[in-house]
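Sequence positions in the sequence shown follow this note's numbering and run 3 to 958.
Cβ coordinates follow ideal geometry from the N, Cα and C atoms, glycine included.
First up is the structure itself, then whatever we jot down about it.
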Amino acid sequence: MALWTMILRKMANNKWLQLNLWFGLTVCVALFSSMPLYSDAIMQRTLIKELQQVQTESAVYPGFIRVNTTNSSSTMDKKTVQAIERADQFAKSIPDRMGLETLSFYQQRFTQLLKVYGADASELEKKQQKTAGAFKSLSDMEKRVHLIDGRMPVDRSDGIFEALVTQDFLLKAKRDLGEELVAETTDDKQDKFRVIPIGIIGTNPKADPYLPYLTTEDSDGFLIPFTQFEREFMKGGKTRVAEMEWRYALNYEQMKVGSVDRYIQADKDIRRYFKGRVGVAEFDIPSSMTIISFQGKQSKLDVMLLSLYCPVMLMLAFYLYMAANLIIERQKTDISVLRSRGASRLQIMTAYTMESLLLGLGALAVGPFLGVQFTKGLGAANGFLEFVNRSALPVSLTSSAYKVAAIAVCGAIVLILIPAFLATRVSIVGQKQQMARLTKMSFWHKTGLDIILVSLALYLLHNFNNRQADLKRLALDSDALQVDPLLFLMPALFALGGGLLVLRVYPWFIRLVFWAGRRWWSPALYHTLIQISRSSGQYLTIKVFLIMTVATGLFSANAARTINDNMESKIKYAVGGDIALTTKWGNDAPLPSTYQGQPNQTDTAGTTAAKRVQYTEPPFEPYQKLEGVETAAKVFKKEKARFSAGSTSGGTTLFGIGTKAFGQTAWMKNRLLDYHINSYLNLIAPDPKAVLISRSLADAAKVKPGDPIRVSWDGLDQAQFTVYGIIDYWPSWNPLPSGSDGNDEKADQPKLIVGHLATIQNRLAVEPYEVWLKLKDGVSNQMIYEQLTEKKLPVRGFRDAKQELVESKNDPFRMAINGVMTLGFVISMLISFFGFLLFWVLTLSGRTLQYGVLRAMGIPFIQIIGMLISEQLLTSGAAVVIGVMIGNLISEMFVPLFEMSFSTQDQVPPFDIVRQLSDYVQLYSIVGIMLTIGLLILGYRLSRIRIAQALKLGEE
């Protein structure tokens, strides 16, 4: 009890220090707990959204499952019936296997096809009648069918089947409702069944919105009560049951990312069970591929989140260590006294461990709930330091979040106990000796940790650069945005090592400055320079802390901006405009020609093989007059054109454009061409025969501006053009090779010719072109879609740059990058502010006697403030400047490595580092406000120091 009393009193005496330490622990717990929370929440939302997209694209409910199997047995013996019954039992277990609730279910059975004719049909009519149908049964038939005419059938025992039929089938049977029909088997037995159609049915989608029974899927046959079908055909064996089907609508909204493996295993079990067991099986599970694509995604996201959090965790570790070290520094004398009076190191460490446990439990109580708020903030991130009013992530605290939080608390406690452990090794004599030796070298510099960290980061950078060169050389595809965790760890290591390396020589720089102007420095600056040069170890922690904050903040900003900008530029470049439409053109091509190959063209003499398809150009004006469209452009693309220049010929892509409309509509990133794209368009505008060619074509054919070049395709007569300019990029054209062998780079280089559309149409041929649209500001794409539908414009396909950008921003990996980097930046600034105040308030309170003596010697208060400001500038200010330099350096060195996260085959425009002035302004503003507030608080505390009280403190 006495130990607890001592601990609580000690914590009360240092309540502000303990509060800062608790704050760091709480943020640490919140960060760690937000990792599994965010991973689960974002993957859950993405999974549900992608399942909903299945419904949008395929017009089928995402939870739909259909299993169909034939019956390979020729007779309905006992073994066959048992096999079907076992299949029924297995089918009914599908929801439990997948772990989803059943919203709707029905099953169907079908007999073999039977010949159908009227009971009063003549022999001639029987021979001529070609109508065939089967007996069908449907579970819950009364609830699912829509009775158009007649009544529902009843189960009769007199050998007559009452059935429901479709109107189409009744017309094929050439009989009216209520007239008896005969269904005859086509085998040797020629069994006959008497059937009376007593109701006409149609589809009733309102009966079951999840799983409607569609009569259009199989309109031929007799639908009879399910119990009658089971009695007469399944157990009675009057004719062979040829086919069975089970359909489910499961509640896909219950699908959790954690149950994806269970769903996939259930899918495999279903396919494995029905494959060849009863007959030939057929499966329709439209969500299967979407769910399979999520397998393993969460583990990749977890690794990526951990790597994204690395710099922030390093910052938090520094903060916790610094706060704990400052607390221990104030208590070193007490610890050494306790040691001198017989207290063991174990007893002292037990007291500090219990104190840390109290703080840890407090952090564990609050941290996870703060982590929930962090997660919601991550979900709203639309870019770096950009937030949108996106629907909130479905976040709930889980056991895994508390497990991770508990691990974080344990790790943090070990970290903050290190200074206490080191302090217990020193006796009271050693403590006094250490206080007199403030110029000793720090542990970081003694061990050469700065050189080790910088060397390690540079070694990893070298390996990554080699790997990136191989990816480019071989045109390998890195598949998708999969960021290597080391891409975030390396910059943090380099920032830490680089900061320590600079601070190794910084005291010598201060001594050089002091020596150079020792005759001219004012007393205040003279004192400050001596103080900093002699007590450099005292400022090491805060300077490293600030360097890490600024450097990692700038790197996060530049990396996030670069990734976002390159992904958005890639989408805009690939589409070419805001919207790219493919329209339907009329033509005179005969239908069979679509399926004919070309190898046999030589077999046909005459005009048939030589005849070209003639297209009819649809009106272009309706697209220009769409409300909200600023400009529209015709863009003709011919992928398999041929060129001839001198003795060189080959394949090329041909673009046909109208220069003015294209320049007003197309999107092109700056600095991709030697001059602005409009300059090239203006260059070729006056001459209808002028063309632009790609650099790959110019190099391959040794063509330069002014040279002639001939173009054709599909046997057309060549048309001659004149080269006016050479380009490297063009909207929607990919100049990168598509091959992946890397053996012959020149041969695989795509080639391009850009000419006037009117000239191409007049001198070569008129063929379909794309329509590119540029929308006015604030116009929604939905409005364009509605107008295209309303005016019935013949659109066959389209690409929407804005929609693709939205889908890209909703990608869980990109959201993680934007969210975590934004959160890390904000947290870094926040803990940097608290760490700055904590350090300088404690430093100032430790110098109360010193400032009191200076005031007693007659130094004015304004000069003491000047000493404080100059000390801040030479320590905190210098650390910020060093941080900016290191931040820019690691951005230059490491941000280009993110290019490996994108597909090398379609990374067009080329990867470019993006810096945004607003990020630097925000960083400088935050740091400036932090220093200003800190100086104001320190100045206020300095003004409250009383000379007499300070001197009395010195006497004591």
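Measure from the alpha carbon of residue i to the alpha carbon of each residue in the options, then state which is nearest.
i: residue 544; options: 518, 819, 628, 322; result: 322
i: residue 739; options: 145, 751, 728; result: 751
i: residue 502; options: 519, 461, 527, 549; result: 549
i: residue 171; options: 871, 552, 155, 218; result: 218
i: residue 186; options: 225, 131, 28; result: 131
i: residue 228; options: 573, 371, 91, 165; result: 165
i: residue 841; options: 320, 29, 868, 891; result: 320
i: residue 97; options: 272, 167, 19, 153; result: 272
i: residue 541; options: 846, 379, 57; result: 846
i: residue 695; options: 669, 715, 646; result: 646
i: residue 586; options: 123, 800, 34, 89; result: 800
i: residue 844; options: 570, 192, 325; result: 325
i: residue 34; options: 878, 365, 786, 812; result: 365
State the DSSP-derived secondary structure class of residue i, mapped to helix, strand or coil.
i: residue 131; result: coil
i: residue 646; result: strand
i: residue 659; result: strand
i: residue 927; result: helix
i: residue 719; result: coil
i: residue 589; result: strand
i: residue 464; result: helix
i: residue 453; result: helix
i: residue 551; result: helix
i: residue 35; result: helix
i: residue 582; result: strand
i: residue 678; result: coil
i: residue 77; result: coil
i: residue 138; result: strand
i: residue 735; result: strand
i: residue 595; result: Note that residue 595 has pLDDT 41, beneath the 50 cutoff, so the model's placement of it is unreliable and the number below is only indicative. If DSSP states are grouped into helix, strand and coil, residue 595 belongs with the helices.
i: residue 875; result: helix
i: residue 629; result: coil
i: residue 957; result: Unreliable placement is indicated for residue 957, whose pLDDT of 45 sits below 50; the coordinate value is still reported in the next sentence. Residue state, collapsed to three classes: helix.
i: residue 705; result: coil
i: residue 640; result: strand
Would you please state the rounded distance, in angstroms, between the beta carbons of residue i and residue j? I believe it to be under 8 angstroms.
i: residue 898; j: residue 915; result: 6 angstroms
i: residue 242; j: residue 77; result: 7 angstroms
i: residue 578; j: residue 637; result: 7 angstroms
i: residue 723; j: residue 691; result: 5 angstroms
i: residue 929; j: residue 882; result: 5 angstroms
i: residue 56; j: residue 288; result: 6 angstroms
Within its chain, find whatever has a CB closer than 7 angstroms to the CB of residue i; leave out the 5 residues flanking it on each side and keep chain order.
i: residue 732; result: 657, 754, 756
i: residue 158; result: 164
i: residue 641; result: 655
To which residues does DSSP link residue i through a beta bridge?
i: residue 246; result: 71, 111
i: residue 690; result: In the DSSP output, where bridge partners are listed per residue, residue 690 has none listed.
i: residue 447; result: Residue 447 is not bridged to any residue.
i: residue 634; result: 775
i: residue 196; result: 162, 184
i: residue 152; result: 201
i: residue 802; result: 581
i: residue 119; result: 184
i: residue 713; result: 645, 721
i: residue 66; result: 251
i: residue 283; result: 71
Can you name, in chain order, every residue of its own chain whose Cβ lies under 8 angstroms from the Cβ of residue i, other than the five neighbours on each side?
i: residue 2; result: With the chain covering 3 to 958 only, the question about residue 2 has no answer from this structure.
i: residue 207; result: 214
i: residue 350; result: 337, 340, 341, 422, 426
i: residue 146; result: 108, 140, 206, 209, 210, 214, 215
i: residue 37; result: 304, 307, 308, 311, 406
i: residue 823; result: 310, 386, 558, 559, 561, 562
Below 6 angstroms CB to CB, which residues in the same chain sit around residue i once its five sequence neighbours on both sides are set aside?
i: residue 700; result: 728
i: residue 602; result: The predicted model places residue 602 with a pLDDT of 43, which falls under 50 and marks its position as unreliable, so this point remains unresolved.
i: residue 650; result: 703
i: residue 876; result: 534
i: residue 466; result: 899
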